Amino acid sequence: MMKMDLLFSSFRLHLAVMALALALVIASQAVPVTVAGVAFDTDNAAQDAVLTTDGTLSTSFFSANVSGGTGSTDPDHHVGTMLGGSPSNAVDMTSATSGSTGRNHITLTWGTGRGVQNQAGVDIHVYESATVNSPTEMFPECFGLAVREAGSSTFSGFRYQHVEAGDVAANKTVTSFDLSDFGIAAGAWIDAVQIISMHNENATTSPYLEDRVDSATGEGNLTLDAGSGSGFRVLQGPLSGNAGTSFPDSAMDVDIVYVVATNADTIPGPATTGYLYYAGGVVATSGDAIEGLDFEFDSAPTADLGVFSVLQARVDITAGTVTNWRRMSSLLPEDDPNTGGTTEAYTYLYMENAVNVHGNYLYVGPGDWNGDGLRTTAAIVAYAEIIDEFGNLGPFEFSAPFPSPPAEQAICPGRIAEIDGNAYYYVMGGNYNGGVGYDRVIFAPINPDGSLGAWTTTTALPSGDWFNGATVVGSTIIHGSGNLRSPAGRVVDYATPATDGTIAAWSSGGTYDSSDTTNRWAYAMAAASAGGTDFAIIAGGTGPTPNPAVHTAPVVAGVPGTWTQTNDLPVPKRQLTAAGMDDMIVVLGGSDAAVISNLTDAVQIGRIDASGVITWTLSPTPMLHARGWGGAAFYRTEFPATTAVESYQLYR
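Heads up, the final residue of the sequence shown is numbered 653 in our numbering, and it's a clean run with no missing numbers.
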């Protein structure tokens with residue numbers, strides 16, 4: 002009988018534990034809510050808040066629940082509550098009025114390791130307590146919002162936007178923000194937002210001036226304390242009872258109640274796998290170019306050595322492997338209007354430092370692909386979308402031609418730099434008109450659809466050059482000298498572009514190799530990181546014979562430090578290319594002699610440590626064919642669960 006009682010007692014305890022667990026699960030489930038016409042789940046609300054004030058302003062709290070729609074918000078995550086206000090719920094953020102000074106900031110996060118992903122449409126909703134007489138007549142107060150991309154230590158610039166909607170019963174307005182407007186790439190994550198109180202046109206006591214926007218609509222990117230000499234006045238939106246007018250002093254104490262995301266989740270760590278693309282280049286004999294590599298162009302044997310196909314491999318950074326090489330699409334269709342139609346007189350395709358990945362697009366160029374036989378001209382950059390989880394490419398499209406004169410730049414680096422969320426494609430120096438070194442630097446913005454905008458000329462390189470190189474660390478372009486550098490030497494320049502893409506000036510980054518004063522060229526440049534330090538890397542090259550030397554420099558706050566020679570490549574190489582991923586550097590192809598017949602299919606894998614020392618290992622899986630002069634770039638992504646639809650030929 003006692004055993005039976007114990008059995009029933011144990012059973013009742015088990016039921017109680019199950020009931021408690023179920024209650025906890027139910028309590029943690031998202032609650033669907035709709036307020037002011039915006040639907041959200043309560044588990045997407047900001048979870049933590051910190052208030053910062055300059056000490057000259059008081060901040061008060063009051064009760065103002067987000068209610069009036071359907072469902073109930075979680076009061077513990079109202080902004081005033083999270084700030085410890087009493088009474089809770091809402092915070093009154095006073096600001097500069099009638100010549101007074103001061104600002105308040107609120108920084109909001111979604112919990113440790115969590116954030117908001119930039120998905121299609123709006124991503125962040127901010128509820129504010131304001132008088133709402135009707136859905137088309139409300140009296141909002143102004144504020145600015147900034148975001149912090151996951152992994153960054155700085156916030157974007159602030160934006161002011163008109164209110165999206167209002168709720169009459171709740172007396173709440175909602176302002177909705179799209180992370181793309183802050184320069185956050187599609188699919189990227191933020192881990193915090195910051196809300197700032199604003200200065201109106203009356204806040205003129207030095208050094209405080211009114212905030213201004215960059216659009217005549219009265220909303221947009223803010224320039225804080227800009228005054229009348231910059232931008233446009235901040236205006237109330239079309240739903241305001243005072244539409245099209247400036248905000249009065251009475252509207253400068255914004256009352257923030259609730260901040261919620263369309264979708265908040267755990268921020269995934271960086272993928273340790275991805276695809277490596279090798280584009281363009283040259284092969285040792287025309288037969289190699291014809292047999293299965295460049296079939297769209299070489300229906301009959303020619304003297305063509307240029308290769309327009311793209312190779313792809315799988316890379317596992319953790320394991321340090323490069324495997325499963327396959328041939329993909331060709332760079333150019335025969336009817337490309339920029340290259341003269343169906344000509345087959347291609348020669349070389351110099352792209353050692355001119356292949357890049359940005360977002361979901363592969364960019365290739367400039368290169369010598371116009372068929373004039375001079376191997377010195379190029380006028381475009383080609384780009385293709387990475388269309389699926391297997392890294393397959395869509396059709397290649399083309400940028401506008403480079404500006405004249407001259408219209409062409411080749412045998413030079415093409416690199417992408419991103420500044421405050423704006424990405425630009427840079428073409429630096431090069432060759433035109435039969436062997437003349439050029440110092441011109443041009444750039445084009447990368448549009449949200451992956452296309453390239455109009456080309457603009459910016460500050461030239463210190464000297465005309467070709468066979469030069471470049472890499473990008475953070476937002477800084479690090480440029481290496483080439484074959485025609487004057488005065489001769491193995492030197493580095495660097496520049497961090499402005500938000501609009503322009504380069505004010507190039508600074509000296511020192512001599513990367515002082516062992517010889519001759520120019521070194523046809524080398525590879527890449528970037529990698531270890532132990533929290535970013536490094537620029539220069540490997541191999543001609544100086545004047547194939548060179549095994551590898552040099553690295555730490556890059557801190559956009560400035561390259563002292564260059565140090567690390568372990569040489571196992572074999573001297575020229576005409577090689579490289580790509581860096583975390584602490585892994587991949588060096589591909591090239592020649593170990595001054596002749597093209599000595600091209601190799603070898604893949605060298607390097608690991609860099611926190612001191613900049615690289616250890617090299619030969620990959621057991623070479624490229625499909627021996628190549629040189631080509632370029633490479635890495636696309637970071639998680640591998641799909643199956644490779645069933647990877648149907649291209651020539652796996653090795």
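Note that beta-carbon positions come from the ideal geometry of N, C-alpha and C, so glycine has one too. Bear in mind the structure is a predicted one, so any value in this text is a computation, not a measurement.
Query                                                                                                                   : Result
THR638 beta carbon less than 9 Å from that of GLY392                                                                    : yes
Cβ contact (3+ pairs, closer than 8 Å) linking the segment 261-268 and the segment 239-247                              : no
Pairwise C-alpha distance: SER64 and GLY562                                                                             : 55 Å
Option in VAL588, ALA633, GLY232 with minimal Cα separation from THR616                                                 : VAL588
Buried/exposed call for SER198, threshold 16 Cβ in 10 Å                                                                 : buried
Anticipated Cβ contact below 8 Å, SER476 with ALA418, distance rounded                                                  : 6 Å
Span of the alpha helix (DSSP H), counted from its first residue to its last, around VAL258                             : Looking at the DSSP string, VAL258 is not in any alpha helix (DSSP H); the run it does join, the beta strand (DSSP E), is 255-262.
Close-in-space but distant-in-sequence residues of the same chain around THR472 (CB under 6 Å, 5 per side omitted)      : ILE479, MET526, ALA527, ALA528, ALA537
Beta strand (DSSP E) runs wholly inside the segment 397-473, at least 3 long, in chain order                            : 415-420, 423-433, 437-446, 457-459
7 Å CB neighbourhood of SER216 in its chain, flanking five on each side removed                                         : PHE233
Between the CA atoms of GLU138 and ARG416 - distance to the nearest angstrom                                            : 50 Å
Local conformation of LEU312 per DSSP, three classes                                                                    : strand
Whole runs of the beta strand (DSSP E) within the segment 575-629, excluding any shorter than 3 residues                : 578-582, 585-589, 604-609, 615-619
Those residues which DSSP pairs with TRP190 across a bridge                                                             : GLN118
Proximal residues to TYR279 (C-beta, below 8 Å), its chain only, five neighbours per side dropped                       : VAL311, LEU312, GLN313, ALA314, VAL356, THR578, LEU589, GLY590, MET624, ARG628, GLY631, GLY632, ALA633
SER592 and ARG575 closer than 9 Å at C-beta                                                                             : yes
Residues of its chain near VAL255, where Cβ-Cβ distance is below 7 Å and the 5 sequence neighbours each way are ignored : MET94, GLU129, GLU142, CYS143, PHE144, SER198
VAL646 in three-state terms, based on DSSP                                                                              : Reliability fails at VAL646, whose pLDDT of 45 lies under 50, so the model's placement of it is uncertain and no value is given.
Coarse secondary structure for HIS200, derived from DSSP in three states                                                : coil
Own chain, CB closer than 6 Å to ALA385, minus 5 neighbours either side, in chain order                                 : LEU363, LEU394, GLY395, PHE397
Spatially closest choice to ASN172 from ASP75, GLU211, LEU350, ILE257, by CA coordinates                                : ILE257
Nearest residue (CA-CA) to THR324, options ALA642, THR622, THR224, THR601                                               : THR622
Touching by the beta-carbon criterion (3+ pairs, under 8 Å), the segment 497-509 and the segment 540-555                : no
Residues near SER400 by beta carbon distance below 6 Å, same chain, minus five either side                              : ILE381, VAL382, LEU453
Under the three-state DSSP convention, the category MET329 falls into                                                   : strand
Contacting residues, own chain, Cβ-Cβ under 6 Å from VAL169 (five flanking each side not counted)                       : VAL133
Helix, strand or coil at ALA147 [DSSP, three-state]                                                                     : strand
Three-state secondary structure (DSSP) of ALA252                                                                        : helix
Rounded separation between ASP494 and THR519 - CA only                                                                  : 17 Å
CA-to-CA distance, GLY188 to THR52, given in whole angstroms                                                            : The sequence as given places Leu at residue 52; Thr does not occur at that position. Answer to the nearest angstrom: the Cα atoms are 29 Å apart.
Neighbourhood of GLY532 by C-beta, 6 Å cutoff - its chain only, sequence neighbours within 5 removed                    : ALA611
Close-in-space but distant-in-sequence residues of the same chain around MET582 (CB under 6 Å, 5 per side omitted)      : ILE318, PHE635
Expected contact under 8 Å - CB spacing of LEU225 and VAL214 to nearest Å                                               : Going by Cβ atoms, the distance from LEU225 to VAL214 rounds to 11 Å, so no, they are not a contact pair.
Secondary structure of SER135, DSSP reduced to three states                                                             : strand
Residue span of the alpha helix (DSSP H) that contains THR82, given as start and end                                    : 80-83
Counterpart residues of TYR384 in DSSP-defined beta bridges                                                             : TYR364, GLU398
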